[in-house]
Every structure is written in structure tokens, then in C-alpha cells.
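The structure appears below as C-alpha cells.
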Amino acid sequence: MLLHYQQIKQLSFSEGFIPLLLCQCRATHKEGQFRPKYLTKLPTQFFMFKTVERVAVEYLEEYLKLNNRHSVNQSAYRIYHSTGTALLRVTNNILRDVDQKITSPCPTTSATLVVTPHSVFKSKNSTPILDQRTTELLVHAFVTSKLDYCNNLLYSLPDVEISRLQRLQNSVARPVTRVKGPVHMKPIRRQLHWIPVRQRNIFKLLLITYKSIHNLAPTFIDELISIYKPRRNHRSSDELLLVVPSHRHVRTSTYGHRAYSAAAPRLWNNLPSIIRHAPTVNQFKSELKQYLSDM
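In our numbering, the protein residues as written are 1345 to 1639.
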């Protein structure tokens, strides 16, 4: 069978198309087992298409790496690249340009809030017939996943906008924990291991910063921050600090301070040293979540 697949792969790349006749096979049955009246043809074409496609992608990726043909601004189909990192760079550039009066500000939107009210309604109505675990999975699928999507862009939103998102998170915590009536939500969030909305936004921003420092982020994100290197050998040389932009480069708190290139160094430098020096991504996420939940 392996030789058969290799033959299909070689013919596909040498001829420029997949030989369909070779992608057909028939079911066989051992002696003594039930034999159908007609042998059933198995639909292996799709499997072979995906197999050859994956091999082609690997060849193409190897060629692009060896010849340095990748686009610097590519935001998809590459490791560490995503919609979130692309939008983070675009938003950073817009905020910096507005801060420097290169362009005019655009009106802010609340697209994150559009999808969620119906989801909350669904989760509340589903509570009586679902157990706690299923309700929690439903809430994560329809609500918290929306709160977390590209939430690094929501850093430093006005309190009025954050409070709307926080009320949404609180409302979906109730059906998960079966809490009724007025109650303080902080213990409920701790019980669910949830951190508040603003801290979730900071968490995502700092996670991208950690990945950038350790070469686990796109180049267009790495360009926005730089590690602080003192001219003389001070104690801060080993603190893994970032360079904070001066007031000359960040003029306004409304726009300039919200840009990733200005916000990330400030947030990162305020972290405890033990968190900044976490050896792995998972350990960093665990310690950072605990730190933010205690704020």
C-alpha cells in the first residue's frame, strides 16, 4: 500500500495532475467473513487529494524558507501567524499615525458586543436541562470564545465599554454555577478560574509579547518592541526589560499609549521578574493568569 501511495505521489508531481484510476480500491474480506454480493468501491480519491496536497505544501514551504521568499507581512498559513497578530500590527500603526497627527482618527466600533446577547439567551434557557459541565462548554463555545477573539485589540478601552463586556461575562457565569440572586461575582469567577475582562485583554497582550521575545511571533510584531540593553553592566541587564518609547514618540494617552508598541513595554516591565523569566509558554501563561487574577 505504501508503494502504491508513493507511485501516486510521484506521478502527481511529474505529470501535474493526480491519476484518478490509481486512487480507486475495492473492499476485501477475510475468508469465513460475510461477503457482500457486490464489492464496494471505497472513496479514496479525497484522501489521496489531501495527502498529495499536504506533501505539496511541505515542498513549497521548504522552498520558500531555503530561498527566503516568504513575505514579511504575510499573516496566514504560517506558524505563529494569525488574524490576531495581523490586526494587532494594523491597529498599532493606525494609533501611532493618529498620535503623530499623520492621519485622522476613525470612529470606534463595538463589534464584539454584536454576537453575544443571543448566545447569553441561549445559555440561560438551556440551563434547566443541562448539567453544569455541558453548560460551561456551551458558554465557552458561544460567549467566552467571542470575548477572547482578538481581545488584545481591546486593551485600554474606556471603562464604559469594558464594563459592558464585564457584565456579559458575569451574566454567563451565573448559569454555569447555578447562582441566583444578588451575589459578589469575584468569588464566582475564581471558582470558574476566570479572570476579569480587562485582565483577559492584558493577558493576551503580554502573551504575544512573551512569544515575540522568544522568537515565537511574526517578524512584523517583533519589530514593534526591543529588549533594553544598558550601556554599562547593571543589575537591570538580566531583568529582560523592554525599551519604553519616550514622550517624543508617544504624544497622547488617547491614541499613542494604546498602541501595542507603547503599551506592551509598560505592561511587561511591571511584571514580576519570575514571570518575565518563565522558561516555557505554558508556565508563563499559568503564572501570568495567577498574577492577573490577584490584581
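For glycine and all other residues, C-beta sits at the position ideal for the given N, C-alpha and C. No experiment lies behind these values; they were computed from the predicted model shown.
Legend entry - Rounded straight-line distance, which links the Cα of P1562 to that of T1429: Here residue 1429 is taken as the residue at index 85 of the sequence shown, counted from 1. Here residue 1562 is taken as the residue at index 218 of the sequence shown, counted from 1. Near 8 Å, if we compare the C-alpha coordinates of P1562 and T1429.
Inset, instruction - For L1584, name the three-state secondary structure that DSSP assigns. - result: Indexing the sequence shown from 1 puts residue 1584 at position 240. Of the three classes helix, strand and coil, the one that applies to L1584 here is coil, per DSSP.
Inset, instruction - Compute every distance between the C-beta of I1619 and the non-hydrogen atoms of the ligand MN, then say whether any falls below 7 Å. - result: Absence of the ligand MN from the depicted structure is noted, as is the absence of any ligand whatsoever, leaving it without description.
Legend entry - Assigned secondary structure, I1569 (DSSP; H/G/I helix, E/B strand, else coil): Along the sequence shown, one-based indexing puts residue 1569 at 225. Three-state DSSP puts I1569 in coil, outside helix and strand.
Inset, instruction - Give the DSSP-derived three-state secondary structure of Y1554 in the structure shown. - result: Against the sequence shown, residue 1554 aligns to sequence position 210. If DSSP states are grouped into helix, strand and coil, Y1554 belongs with the helices.
Inset, instruction - Could you tell me whether the stretch 1544-1553 touches the stretch 1488-1506, using the rule of 3 or more Cβ pairs below 8 Å? - result: yes
Legend entry - 8 Å Cβ cutoff met for Y1572 and L1585: For the purposes of this step, residue 1572 is taken as residue 228 along the sequence shown, with counting starting at 1. For the purposes of this step, residue 1585 is taken as residue 241 along the sequence shown, with counting starting at 1. Contact: yes.
Legend entry - For N1545, the three-state DSSP class (helix, strand or coil): Taking the first residue of the sequence shown as 1, we reach residue 1545 at position 201. Here N1545 sits in helix by DSSP.
Legend entry - Opening and closing residue of the alpha helix (DSSP H) in which K1629 lies: As a working mapping, residue 1629 is identified with position 285 in the sequence shown. 1625-1637 is the extent of the alpha helix (DSSP H) around K1629.
Legend entry - Secondary structure of R1518, DSSP reduced to three states: Translated into the one-based positions of the sequence shown, residue 1518 becomes position 174. Look at R1518 here: in three-state DSSP terms it is helix.
Inset, instruction - Select from S1419, Y1554, R1511, T1478 the residue whose C-alpha is nearest the C-alpha of L1611. - result: Within the sequence shown, numbered from 1, the residue matching residue 1611 stands at position 267. Nearest option by C-alpha distance: Y1554.
Inset, instruction - Specify the secondary structure class of K1524 as computed by DSSP and reduced to three states. - result: On the sequence shown, residue 1524 is found 180 positions in, with the first residue counted as 1. Of the three classes helix, strand and coil, the one that applies to K1524 here is coil, per DSSP.
Inset, instruction - Go through its chain and collect everything with a Cβ distance to I1565's Cβ below 7 Å, but skip five positions before and after it. - result: Position 221 of the sequence shown, counted from the first residue, corresponds to residue 1565. Cβ within range, chain order: T1429, L1432, R1433, I1552, S1556.
Legend entry - Inter-stretch contact at 8 Å, needing at least 3 Cβ pairs: the stretch 1535-1546 / the stretch 1475-1495: yes
Inset, instruction - Decide yes or no for the touch test of the stretch 1523-1533 against the stretch 1601-1619: beta carbon pairs closer than 8 Å, at least 3 of them. - result: Judged by Cβ distances under 8 Å, the stretch 1523-1533 makes no contact with the stretch 1601-1619, as fewer than three pairs qualify.
Inset, instruction - Note down the Cα distance separating H1462 from V1483, rounded to an integer number of angstroms. - result: Along the sequence shown, read from residue 1 onward, the residue named residue 1462 stands at position 118. Along the sequence shown, read from residue 1 onward, the residue named residue 1483 stands at position 139. Note that H1462 has pLDDT 47, beneath the 50 cutoff, so the model's placement of it is unreliable and the number below is only indicative. If you take the alpha carbons of H1462 and V1483, they lie about 12 Å apart.
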